[in-house]
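Enquirer: Got a structure here, written out as structure tokens. Questions coming.
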């Protein structure tokens, strides 16, 4: 993880404070975030999700939450931001988008989504390494529970020994026995 | 499927030496353990042609674990697996949706926020390990093991990086002893084991203990 992440963010913040103090103050008064929410244009954060490592080019600076673009929300956990809320198939978490809310804000004429806030709403565990801005999320409990309780096997993609990507769902039509082992 | 932070580099030579003919996967972030809540190896999951689970995760092949030695009882497990391959849903070893729901629901109630946070912490540690950031890897693997001390995968993957094999084995055997003395088990028994498995395993361990130190076969 590059050490430059923090430095770049600090520089971005300072520049932003110098140029737009009055405007920022006005936005902050209305929003749930602190003053430090200029987008980080340096590789800002990394999000881990079971089976995925997602590098995020832009996030809002916030020591407590991970704010990404709506597109990056989908890259992280497949949720899609729609007018009715953040949705995964039939599951939708209502998100107010006409004004700043706990899960959504507008900054610099763009929308930003609170991925860790959504996790709290869903009871989804996460661990955050603040120095490298790396966020590791567990599976979404309601999704995991519904697949397991309906006995649907959660899908995944891994490399085989020859480096070829293989998905569990590629094996539809055949019986599959998964057996784990380890070198340790 | 290898639950192995070392990735292909570590795993491929073992697959090649074994000459495997089945689909042989590597899972450096233990993703499948996250998704299926696996806490040890080897564990098995059976999935039918439609992508439905017919046997949820359970210990596969192993009959008994005693202080650093594993007794493998593959016959009963393999026989059950062959029976299911031949008979499908008619096999006595294919569970009904209701039986699966019961097992999964029980497992879910046992899981709690600590277990979920441990999962996130373990993958964070694995991420730093892969990036060569040992200090952070250790910090989050320690956290994972504190939050979910029941996951042998976390302990053993971590201890595999101790400087010597002797230290790895020492940590492992002392943990197994500690758990056993507390009335716990290293491998939760599955229902596929031969009823005589425990006795067979005890004998196998005695034989192993009586045998001279195992030598590598000459090349």
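Residue numbers (the working numbering), protein chains in the order written: chain E, 5 to 188; chain B, -1 to 217.
Positions of the beta carbon are idealized from the N, C-alpha and C atoms, including for glycine.
Output the distance between the C-alpha atoms of residue 188 (chain E) and residue 141 (chain B), rounded to the nearest integer angstrom.
Expert: For the purposes of this step, residue 188 (chain E) is identified with residue 184 of the first chain, where counting begins at 1. For the purposes of this step, residue 141 (chain B) is identified with residue 143 of the second chain, where counting begins at 1. Between residue 188 (chain E) and residue 141 (chain B), the C-alpha separation is close to 20 Å.
Enquirer: Could you tell me the alpha carbon to alpha carbon distance between residue 35 (chain B) and residue 121 (chain B), rounded to whole angstroms?
Expert: Stepping through the second chain from its first residue, residue 35 (chain B) is reached at position 37. Stepping through the second chain from its first residue, residue 121 (chain B) is reached at position 123. Roughly 13 Å between the two C-alpha positions.
Enquirer: Can you list, in chain order, the residues of the stretch 64 to 86 of chain E whose Cβ is nearer than 9 Å to any Cβ on chain B?
Expert: Those would be none; no residue qualifies.
Enquirer: With a threshold of 8 Å between beta carbons, is residue 50 (chain B) in contact with chain E?
Expert: Sequence index remark: in the second chain, residue 50 (chain B) carries index 52 (1-based). So, interface residue.
Enquirer: Would residue 127 (chain E) be called buried (16 or more neighbouring beta carbons within 10 Å of its own) or exposed?
Expert: The residue given as residue 127 (chain E) occupies position 123 in the first chain. Exposed, by the Cβ-count rule.
Enquirer: Quick check: is the beta carbon of residue 131 (chain E) nearer than 8 Å to any beta carbon in chain B?
Expert: Translated into positions along the first chain, residue 131 (chain E) becomes position 127. Cβ-Cβ to chain B under 8 Å: yes for residue 131 (chain E).
Enquirer: Kindly indicate if chain B contains any beta-carbon less than 8 Å away from that of residue 140 (chain E).
Expert: By 1-based counting over the first chain, the position of residue 140 (chain E) is 136. It does: the Cβ of residue 140 (chain E) has a partner Cβ on chain B nearer than 8 Å.
Enquirer: Shortest alpha-carbon distance to residue 67 (chain E) belongs to which of E:147, E:151, E:157 and E:133?
Expert: Counted from its first residue, the first chain places residue 67 (chain E) at position 63. If we check each option's Cα against that of residue 67 (chain E), E:133 comes out closest.
Enquirer: Within 10 angstroms of the Cβ of residue 168 (chain E), are there 16 or more other Cβ atoms? Answer buried if so, exposed if not.
Expert: Position 164 of the first chain, counted from the start, is the residue given in the question as residue 168 (chain E). Result: exposed.
Enquirer: Going by DSSP, what residue range makes up the alpha helix (DSSP H) through residue 181 (chain E)?
Expert: For the purposes of this step, residue 181 (chain E) is taken as the residue at position 177 of the first chain. Not the alpha helix (DSSP H): residue 181 (chain E) falls in the beta strand (DSSP E), residues 180 to 183.
Enquirer: Quick one: what does DSSP say residue 16 (chain E) is sitting in, helix, strand or coil?
Expert: For the purposes of this step, residue 16 (chain E) is identified with residue 12 of the first chain, where counting begins at 1. Summary for residue 16 (chain E): the model assigns pLDDT 36, below 50, so the residue's position carries little reliability, and this model does not support an answer.
Enquirer: Output the distance between the C-alpha atoms of residue 144 (chain B) and residue 157 (chain B), rounded to the nearest integer angstrom.
Expert: Within the second chain, the letter at position 146 stands for residue 144 (chain B). Within the second chain, the letter at position 159 stands for residue 157 (chain B). Roughly 14 Å between the two C-alpha positions.
Enquirer: At least one CB of chain E closer than 8 Å to the CB of residue 41 (chain B): is that the case?
Expert: Taking the first residue of the second chain as 1, we reach residue 41 (chain B) at position 43. Judged by the 8 Å Cβ criterion, residue 41 (chain B) is in contact with chain E.
Enquirer: Can you list, in chain order, the residues of its chain whose CB lies under 8 Å from that of residue 38 (chain B), leaving out five sequence neighbours each side?
Expert: What you label residue 38 (chain B) is simply residue 40 of the second chain in a count that begins at 1. Contacts found: 57, 149, 150, 151, 184 and 185.
Enquirer: Would you call residue 142 (chain E) buried or exposed, if buried means 16 or more other Cβ atoms sit within 10 Å of its Cβ?
Expert: What you label residue 142 (chain E) is simply residue 138 of the first chain in a count that begins at 1. Buried is the call here.
Enquirer: Using a 10 Å radius around the Cβ and a threshold of 16 neighbouring Cβ atoms, would you call residue 2 (chain B) buried or exposed?
Expert: Within the second chain, residue 2 (chain B) is the residue found at index 4, counting from 1. Label assigned to residue 2 (chain B): buried.
Enquirer: With distances taken between CB atoms, is the gap from residue 183 (chain E) to residue 55 (chain B) smaller than 8 Å?
Expert: Position 179 of the first chain, counted from the start, is the residue given in the question as residue 183 (chain E). Position 57 of the second chain, counted from the start, is the residue given in the question as residue 55 (chain B). No. Outside cutoff.
Enquirer: Just mark residue 69 (chain E) as buried or exposed, buried being the case when its beta carbon has 16 or more other beta carbons within 10 Å.
Expert: Counting from 1 along the first chain, the entry for residue 69 (chain E) is found at position 65. So residue 69 (chain E) ends up on the buried side.
Enquirer: Counting contacts by CB-CB distance shorter than 8 Å, is residue 90 (chain E) in contact with chain B?
Expert: Reading the first chain from its first residue, position 86 is the one you call residue 90 (chain E). Answer no: the Cβ-Cβ gap between residue 90 (chain E) and chain B never drops below 8 Å.
Enquirer: List the residues of chain A that residue 180 (chain B) touches, going by C-beta distances under 9 Å, in chain order.
Expert: The question asks about chain A, but that chain is absent: this structure's protein chains are E and B.
Enquirer: When DSSP labels each residue in this structure, what does residue 44 (chain B) get in the three-state scheme?
Expert: Along the second chain, one-based indexing puts residue 44 (chain B) at 46. In the structure shown, residue 44 (chain B) sits in a strand (DSSP, three-state: E or B).
Enquirer: Could you say which of E:93, E:148, E:170 and E:139 lies nearest to residue 72 (chain E) if we only look at CA atoms?
Expert: As a working mapping, residue 72 (chain E) is identified with position 68 in the first chain. Among E:93, E:148, E:170 and E:139, the Cα nearest to that of residue 72 (chain E) belongs to E:139.
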